[in-house]
Structures are given as structure tokens and as C-alpha cells.
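All remarks here apply to the structure that follows.
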Ligand SMILES: [Fe+2]
Ligand SMILES: [Fe+2]
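Protein chains in written order, with my numbering: chain D, 1 to 95; chain S, 1001 to 1358.
Structure (C-alpha cells):
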């Protein structure tokens, strides 16, 4: 259990080498070092990770879900960024 | 505990008001005060429609998104009560760590109890994404105004109780929790996936203890039977009040917080557990329990709901003891938290001085 002045940290774990770190949850700690140790105890009791990142939750900037439609709008009409946009005849191979 | 005795009784945001629907880990925690109904404006009507459509499409709701107040409150209450249950749930089993019969059993029991602590942490973390602080939730638990699963207000009298808890209590918890892996609220669903992955060993180690005792000396068999006698009904009650009594199941099902009714889950639990008791050659303490060919389900006797309500209201065998144990653990840890805060402050001050002198 925590003290009221302990900040919240978000925890990211790399499960195996070669994979990216993935958000797994959050915890309170007095500083980053304690956050790492707590993250190890809370989130990797079964060797679920080979590397942990912690970041103060207050330092994370996030896009606003209410603006999501407008925010991601620029990509919406650019279907030509996908390979399936281009019709290539069956008989052409390796393309 | 009555409604009026609770300091937060008038605020529906708080978790404290007496909740007759309160079942256990996760089920039946969905009742809302009538005073909590919102008055929708045109704006919220549009937002609500968008929210409902999203839930309908089985998309997850994420923390920063708009959600109806009642949905948020239901989740805060359910997730925090679930978290408290994991934390208090460490106590009955912790009681036997020093007396586990072998080193292997001791190591396993420590690992299980640590997992339950971890489950509490995942869940507090999920609750915090809804805008409540962990300290507030913990304070409510310690003040006795928050609820947790009634099952943990029963004592662990013999070693066989550790077997019965793993087998029955974790078994019932798993049955409750698996559907919540598909809950509409993302952080809760994800915490539940993590928890369910860890629960299976809890149940299996419990069954293994029961199996060892059931195949042991007559005294060991008797101990296993006695544990089953005492834990069966409380485990069956873990699923919460019957559907007829549970008025808010419908809303929680619409919100996809809950996927099955209390009685459906209870029936499923009995159907899978009764044959396991047969395998152990132990007798389920329900003379009316029998297989029904017609329905392909077990039929069982009446549940004594007066006992359930008595324990929920704080009159179980160990309610006081459990809270006392949590409070003293919190108090005894105070100096550690203070020392950690002081050390962190000192380290930061030193870093500032170094920066200034550089
Ligand atoms: Fe658990
Ligand atoms: Fe468990």
C-alpha cells in the first residue's frame, strides 16, 4: 500500500528479446527505481519479461478519444497506401 | 452494518453504501442507488448513443473515453470490491504458511498468496483508470466501509481448508472471472486475462492437497471431508443472490460488464465440481444433490440466504479479525513508506544541489 504523495507510474514490459515493450498496467512508487522493483514483483512473477520501462503517468501525453475521428481523418481516404489498392493480373508472379 | 451507519451512505460515488446485491469477487456487485440516475441532456444523449453502439459492437471502452456516470460507478464499485477481495483473500491462506506440512507445500502456498496480492494490485490499477485514487480505495477498505467477498470471512481451521479453498473458492472465482475477460471496459478485461492465467494453478494445487488427504489415513480423509462440509455452501454462495433477487443483472449484462447471471454461473460451478468430489470419494454436504438426466444438470438443495446476508452485513465468523489484520498491516508498514518517501526526497535534493553546483 502506498502513501498519498507517491506518483503513479505506467509499466511497459518487453516479454522476449526482439519484441517491443508493451503497456501492462500501473503502480505507485516513490521514485523510478522503486517503480522498477515493484513492477518486477507485480508484473513478472513468472518470467513474463526481459526488460521493464516505467514512466510517470503524468508525463504521458495522449490523444483525445473524443477527437479521434478528426485526429485520424488524414489517413482515412488514402487507401492507395495499401498494397491491395493495386489490381495486378493473376498471371504476374512474385509481386 | 446498516445503510445509515456508513459515512458515505449519501454519496453514490462512494463504495460504502450497503449493497444487498453484494455477492463476492465479481458477481452481484452491480447495484446502483436510485439517486444515481442521471438526467440526460441532448449532448449526453448523443454521447450515450455512441457509447451504447460501441458496447453493442463489442468494442472496448477505454479510460479517457466518455462513459455514462452509472457505468463508471458500477465499474469502480465492482473493480475495487474485487481488488479488496484479493487483498483480504490473502489472510485465510496466509494463516497456514508457517504451518504448511512440507517445504513444497509452503513454497506453493507463498506463491499463491503472492499472486493474490498481485491480483489486488492489477485491479486497483484498473480502478484508478476510472478516476478514483488508490489511497481512497484502500482507506475505504480499512475504514470498513467497502465490501469484499464474504467467503474470506470464514476461518481456516485445518490444513485441509487450504486444499478446499484452492479447489472450491478459486474454482468459483475462476468461473466468475473468465467471462469478465470479455468485459466491455478495457483495463478491467485485460487485468482479468492476466488474473485468469494465474488462477489455474491455484485451483489445481488445492485439488492436489484434497487428493493427497482423501487418499491418506482415515484421519486425513475425515479432515478433507470436514473442510468440504464447511466450504461447500459458502463457495456456492460466492456467485451472489439468485437471479430473482438480483435486480441489476440486466443493466450490467446490457453494458457487457456481466455476461452470465449468478444462477447460470452457480449451476455451471456445481455441474463441474460435483463429479470432482465424487472422484475424491468425498460427499458434498447437500443431501438433495443429484444428477438430473432430463436437464443434464445437477439439482441441489435450497441455499441458506440468511447466512449469506448475515456475513455480508459483517456478522461472519472473521469479519472483525480480517479488517483488524489489514489495519495493523497498514500501520506496521507506515514507517517503511515514510522512510521510502524521505529517502526519495533526500535523493532528489542531492540531485538538485549537484545540478546547481555544476
Ligand atoms: Fe486471485
Ligand atoms: Fe486465486
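Beta carbons are placed, not taken as given, at the ideal position from N, Cα and C, and that holds for glycine.
Item	Value
Taking only heavy atoms of ligand 1 into account, decide whether any of them is closer than 7 Å to the Cβ of residue 1119 of chain S.	yes
Using 7 Å as the cut-off, classify the Cβ of residue 1173 of chain S as near or not near the heavy atoms of ligand 2, replying yes or no.	yes
Closer than 8 Å, CB to CB, is residue 1189 of chain S near chain D or not?	no
Am I right that residue 1326 of chain S and residue 1076 of chain S are in contact with their C-beta atoms under 8 Å? What's the rounded C-beta distance?	Rounded, the Cβ-Cβ distance is 20 Å, inconsistent with contact.
Please list, in chain order, the residues of the region 1059-1072 of chain S that have any C-beta partner in chain D closer than 8 Å.	1062, 1064, 1065 and 1066
May I ask which residues mark the beginning and end of the alpha helix (DSSP H) holding residue 1123 of chain S?	1103-1128
Taking 7 Å as the line, does the beta carbon of residue 1145 of chain S fall inside it for any heavy atom of ligand 3?	Here the bound small molecules are ligand 1 and ligand 2; ligand 3 is not part of this structure.
Please tell me whether, using a cut-off of 7 Å, the distance from the CB of residue 1165 of chain S to the nearest non-hydrogen atom of ligand 1 is below it.	no
Going along chain S, which residues have a C-beta under 9 Å from residue 89 of chain D?	Going along chain S, no residue has its Cβ under 9 Å from residue 89 of chain D, so there is no contact; the nearest lies around 37 Å.
So the candidates are S:1230, S:1254 and S:1260; which of them puts its Cα closest to the Cα of residue 1317 of chain S?	S:1230
So which residues on chain S does residue 28 of chain D lean against when the C-beta distance must stay under 8 Å?	1134
With hydrogens ignored, establish whether the beta-carbon of residue 1093 of chain S is closer than 7 Å to any heavy atom of ligand 1.	no
What are the residues that DSSP puts in a beta bridge with residue 55 of chain D?	D:10
Given that a residue counts as buried once 16 or more other Cβ atoms are within 10 Å of its Cβ, and exposed if not, what is residue 1343 of chain S?	exposed
Measure from the alpha carbon of residue 1078 of chain S to the alpha carbon of each residue in S:1275, S:1142, S:1243 and S:1126, then state which is nearest.	S:1126
Using a Cβ-Cβ cut-off of less than 9 Å, list which residues of the region 1108-1123 of chain S approach chain D; keep chain order.	1111, 1114, 1115, 1117, 1118, 1121 and 1122
Excluding five sequence neighbours on each side, which residues of the same chain lie with their C-beta closer than 6 Å to the C-beta of residue 1197 of chain S?	none
Using the beta-carbon of each residue, which ones in chain D are nearer than 8 Å to residue 1347 of chain S?	31
With hydrogens ignored, establish whether the beta-carbon of residue 1195 of chain S is closer than 7 Å to any heavy atom of ligand 1.	yes
Could you check whether the Cβ of residue 1056 of chain S sits closer than 8 Å to any Cβ belonging to chain D?	no
Out of S:1105, S:1066, S:1227 and S:1349, which one is the CA nearest neighbour of residue 1130 of chain S?	S:1066
So, using beta-carbon positions, are residue 1202 of chain S and residue 1115 of chain S closer together than 8 Å?	yes
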